[in-house]
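Working notes for the structure below.
Residue numbers (the working numbering): 502 to 816.
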């Protein structure tokens, strides 16, 4: 929206500092705005809120900032930052959001828990050790290196985590999920994009309705399901549990080390099953179905596709 003639852009910066100890918690619940959290010094939380109002007179800009009702509260080792959305309707925030832009720039001790919520922007977190929860209805989630469990949910963007040491649970309705090296169990769900995992040292549960799934290195069991693309998985260690991969819209490519031992159950309605591994066949051998033991058998490797072929490759 263009600003009306004669209306300047009004900016206000709010700065707060709170004395804390490592191991505390930061809680943010904002009706709008982006959030960026990074490590600072060990004994304080430093907050900088940048507010920009466009297309309004100076008087109206001040009224908008007052309506925001930005509040700060410290209880022992916990910091809470909130806006007035609890008693404001959706139409109010929709109108305010056309003119007001908020950005939270926050530094915390390296060891600190985070609980972050915004209804109108992206969230970025990097370099912290602790439990991280992040939720947004209108943007992406981006995490750098996190030591501790991470939970993220967005209705309007992608999710990315470069490196994690802890369990990961991500859900998005409108974008892709991309994970780097993860030392923990992974649950990744999206309705609108692909899922890519560089390295998973724990179990993997990956579900998407709108894209492909690729896991470049999995060290434990994997469960993957998609309705709209191919599945590619590199199994680099012997699974101790069953693996299940299904797709309705593409092929399945499994890459395994030569000594992996599994019970194979592979079937396709739209192609063929091809393997580099010797298989002790159980039942009738068919072009689109292969069931048997690889290297004497082990946990089940269940593969199903309705829209392509199935390939088992040796690494």
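Just so you know, even glycine gets a beta-carbon here, dropped at the ideal spot from N, CA and C.
Listed as beta-bridge partners of residue 754 by DSSP are 733, 812.
DSSP, read as helix, strand or coil, puts residue 788 in coil. Secondary structure of residue 568 (DSSP, three-state): helix. Using a C-beta cut-off of 8 angstroms, the stretch 560 to 574 makes no contact with the stretch 627 to 640, since fewer than three inter-stretch Cβ pairs fall below that distance. With respect to residue 695, residue 713 sits close: the two C-beta atoms are nearer than 8 angstroms. The C-beta distance from residue 624 to residue 582 rounds to 13 angstroms, too long to fall under 8 angstroms, and the pair is not in contact. With distances taken between CA atoms, residue 659 lies nearest to 677 out of 677, 767, 560, 789. Residue pairing for residue 552: DSSP places it in a beta bridge opposite 513, 603. With respect to the 8 angstroms criterion, residue 743 and residue 722 are classified as neighbours on the basis of their beta carbons. For residue 673, the enclosing beta strand (DSSP E) stretches over residues 669 to 673. As the crow flies, the alpha-carbon of residue 801 is around 21 angstroms from that of residue 809. Taking a 10 Å sphere around the C-beta of residue 788, we find fewer than 16 other C-beta atoms and assign the residue as exposed. Beta-bridge partners assigned by DSSP to residue 806: 748, 769. According to the DSSP assignment, residue 648 belongs to the beta strand (DSSP E) that extends over 642 to 648. 736 is the residue among 793, 736, 764 whose C-alpha sits nearest the C-alpha of residue 758. When rounded, the separation of the alpha-carbon atoms in residue 652 and residue 783 is 42 angstroms. For residue 537, the enclosing beta strand (DSSP E) stretches over residues 535 to 540. Under the three-state reduction of DSSP, residue 561 is assigned to helix.
Contact between residue 683 and residue 711 is ruled out by a C-beta separation of about 22 angstroms, above the 8 angstroms threshold. The continuous beta strand (DSSP E) containing residue 613 extends over residues 613 to 619. Per DSSP, the continuous beta strand (DSSP E) segment holding residue 653 begins and ends at 651 to 655.
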